[in-house]
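Student: Submitted below is the structure of interest, expressed as C-alpha cells.
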Amino acid sequence: MIGELVKLDLKVGTRGYVYPIYLLVALAYGLMVMAFPREYHSLVVPIFLLLEPGMIGFMFVGTTIFAEKKDGTIGALAVTPLDWRGYVLAKTLLMALVSLLAGALIFVLGTRSLDGLPYVLAGTLLVSAVYTLLGIAVSAKYRDLDDYFIPLLGVMALSLLPFAHYHGYLTGEIWKVLYAVPSYPAIYFFSAPFGGVSAENLLWSALGLMVWGVVAYYLARIRFYRYAVEGLR
C-alpha cells in the first residue's frame, strides 16, 4: 500500500513540477556553495543543507497537501478504504528519498568532493523525515499557502537560530534551550565532513532526531486526521 502511494505521489508531484523544482533549488544551492572559497564551506554547506531538506521540504510538503485538498485526493481518504496513516508515511518516505538526492547534489557539486558524504546523507534522511512530518502536522489545519506563510516563517526563524549558537554568537545560558530545536543535531551531521565533530556528538544527534521523528509522527497523525481527514467528512 505504501509503495503504491509513493509511486502515485511521485507521479503527481512530478506532473505538477513539485519535485523537479525541489531538485532545481538543490542545484542552485550547490552552485552557490561553489562560489564560496573552500575555507567557508564548513559554514555555508550546513546552512544550505538544512534549508533544502528542512525548510524547503517543510514548505513543499505543505504546498502538496494544499493542492491535494483542492483536487479531492485527501477528501478521498475520508470516504474510501485508503489508509491515511499510509498516506502520511508515504509522503515522508518520498520526501526523504528526494531530499537524499538533493542533499548529495548540494554537497558533491558545492564541495566537489565525496569525503564525508555518508554524514550528509544520514543527517539529510533524519532531518527530512522530521521536517516533513512537522510540515504535515502544521499544514493540515490550513487551506492555502497564505495561511501557512506565518507558521512557515516562524519555523524557519527558529530553525536557523541554532546556527548562531553553534558558532558562538548566542552565548547566554538561556540559549541552551536551542539544543531542543531539531535543526541543532542536524548541524553536527552537516558539519562532520569538515572535522571537529566527535562520534559521541553524532550519536546523541542521531538519537535526538529520532526522538523528534517519533514526536513529529504522532503530531502529524493527530492533526492530519483531525483537520484534513475528519474535517473533510
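For the sequence shown, our numbering gives the first residue as 8, with consecutive numbering after it.
Quick reminder that beta carbons are idealized off the backbone N, C-alpha and C, glycines included.
Computed from a predicted structure; not experimentally measured.
How big is the Cα-Cα spacing for Val-137 and Ala-227?
Tutor: 10 Å
Student: Going straight from the alpha carbon of Leu-133 to that of Phe-196, what length do you get?
Tutor: 10 Å
Student: So the alpha helix (DSSP H) Lys-18 belongs to, where does it begin and stop?
Tutor: 9 to 22
Student: Would you identify the three-state DSSP class for Arg-240, choosing helix, strand or coil?
Tutor: In this predicted model, Arg-240 has a pLDDT of only 46, less than 50, meaning its place in the structure is not dependable; the value taken from the coordinates is given anyway. DSSP places Arg-240 in coil when its eight states are reduced to three.
Student: Note down the Cα distance separating Pro-158 from Val-145, rounded to an integer number of angstroms.
Tutor: Going by the C-alpha atoms only, they are around 8 Å apart.
Student: The alpha helix (DSSP H) spanning Val-68 covers which residue range?
Tutor: 64 to 77
Student: Between which residues of its own chain and Pro-49 is the CB-CB distance below 7 Å, once the five residues before and five after are set aside?
Tutor: According to the sequence as given, residue 49 is Ser; it is not Pro. Here the set comprises Ser-198 and Phe-201.
Student: Report yes if the CB atom of Ala-97 is closer than 8 Å to the CB atom of Arg-230, and no otherwise.
Tutor: Going by C-beta atoms, Ala-97 is not nearer than 8 Å to Arg-230.
Student: Report back the beta-carbon spacing between Leu-128 and Ala-111 to the nearest angstrom; my notes put them in contact at under 8 Å.
Tutor: 7 Å
Student: Which residues bound the alpha helix (DSSP H) around Phe-196?
Tutor: 190 to 198
Student: I need the boundaries of the alpha helix (DSSP H) containing Gly-220, first residue and last residue.
Tutor: 206 to 230
Student: Taking the C-alpha atoms as reference points, what is the distance between Leu-31 and Arg-22?
Tutor: 15 Å
Student: Smallest Cα separation from Val-103: which of Thr-131, Ile-72 and Ser-212?
Tutor: The sequence shown places Ala at residue 103, not Val. Considering only alpha carbons, the answer is Thr-131.
Student: With a threshold of 8 Å, are at least 3 pairs of Cβ atoms found where one atom belongs to the segment 35 to 46 and the other to the segment 163 to 179?
Tutor: no
Student: Pull up the CB-CB distance for Phe-67 and Val-19, whole angstroms please, since I reckon it's below 8 Å.
Tutor: Between Val-19 and Phe-67 the Cβ distance is about 13 Å, and since that is not below 8 Å, they are no contact.
Student: Below 8 Å on the Cβ atoms is my contact criterion, and I expect Ser-106 with Pro-60 to pass it. Report the Cβ-Cβ distance as a whole number of Å.
Tutor: 4 Å
Student: For Arg-233, name the three-state secondary structure that DSSP assigns.
Tutor: Arg-233 falls in the helix class under three-state DSSP.
Student: Less than 8 Å separating the beta-carbons of Leu-152 and Phe-55?
Tutor: no
Student: Just to confirm my understanding: we take Phe-170, look at its own chain, exclude 5 residues before and 5 after, and list those with CB closer than 7 Å. What are they?
Tutor: Ile-54 and Ile-194.
Student: Suppose the cutoff is 7 Å on Cβ atoms and the five residues either side in sequence are ignored; what does the same chain contact list for Phe-156 look like?
Tutor: none
Student: Nearest to Val-162 by alpha carbon, out of Ile-181, Glu-180, Leu-15 and Leu-185?
Tutor: Leu-185
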